[in-house]
Amino acid sequence: MTRARRISRVITNIYDQELRNHGLNASQFSMLIVIAKLRGASRAEIGRANFQDRTTLTRGLAPLLKEGWIEELPTKGGRSRPVVISAAGEKLLSEATPAWREAQHKASRLVGKNGRKAIIDIAENLPREDEPA
Numbered sequence: 000m001t002r003a004r005r006i007s008r009v010i011t012n013i014y015d016q017e018l019r020n021h022g023l024n025a026s027q028f029s030m031l032i033v034i035a036k037l038r039g040a041s042r043a044e045i046g047r048a049n050f051q052d053r054t055t056l057t058r059g060l061a062p063l064l065k066e067g068w069i070e071e072l073p074t075k076g077g078r079s080r081p082v083v084i085s086a087a088g089e090k091l092l093s094e095a096t097p098a099w100r101e102a103q104h105k106a107s108r109l110v111g112k113n114g115r116k117a118i119i120d121i122a123e124n125l126p127r128e129d130e131p132a
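Written out as structure tokens, the structure is:
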């Protein structure tokens, strides 16, 4: 698994370098995508969708909230406040998407066609918390 971690770091670095000019990193961009797709989800739902524990999720959401890229909507009497992407977050995603695509091209060239297919197959078959392993 050491090799898998090394590959992960190299690929993440490709994405981070491409996104740097937009003021965010690969994990932040991914989280913004998840939040945008969920259209008003609780922190727990976001964590499940992004395979993150509560502590990691909270740490990841903090800079997105601080920058105003996401918002927590107030609810009446409920403890769980839905998290949504803000107008600024939508604008950022739109502006950063070409950089993300360029990173995808670079990463795909690095791992090759078979490596890309293998990564997609693994990702599509990861068990969810709410599914039996």
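For what it's worth, numbering that gives the first Met the number 0 labels the leading residue of the sequence shown as 0, then goes sequentially.
Glycine residues also receive a C-beta, built at the ideal position from the N, C-alpha and C atoms.
All values reported here derive from a predicted model rather than from experimental measurement.
| Asked | Found |
| --- | --- |
| Cβ separation of L37 and A95, assumed to be a contact under 8 angstroms, to the nearest whole Å | No, L37 and A95 are not in contact; Cβ-Cβ is about 19 angstroms, not under 8 angstroms. |
| Simplified DSSP assignment, three categories, for E70 | strand |
| Candidates R78, E17, Q27 and S29, of which the one nearest S41 by Cα | R78 |
| Distance between T74 and L18 (C-alpha atoms, nearest Å) | 33 angstroms |
| For V83, the residue or residues it bridges with in DSSP | E70 |
| Residues bridged to A40 (per DSSP) | V82 |
| Simplified DSSP state of N12, which is helix, strand or coil | helix |
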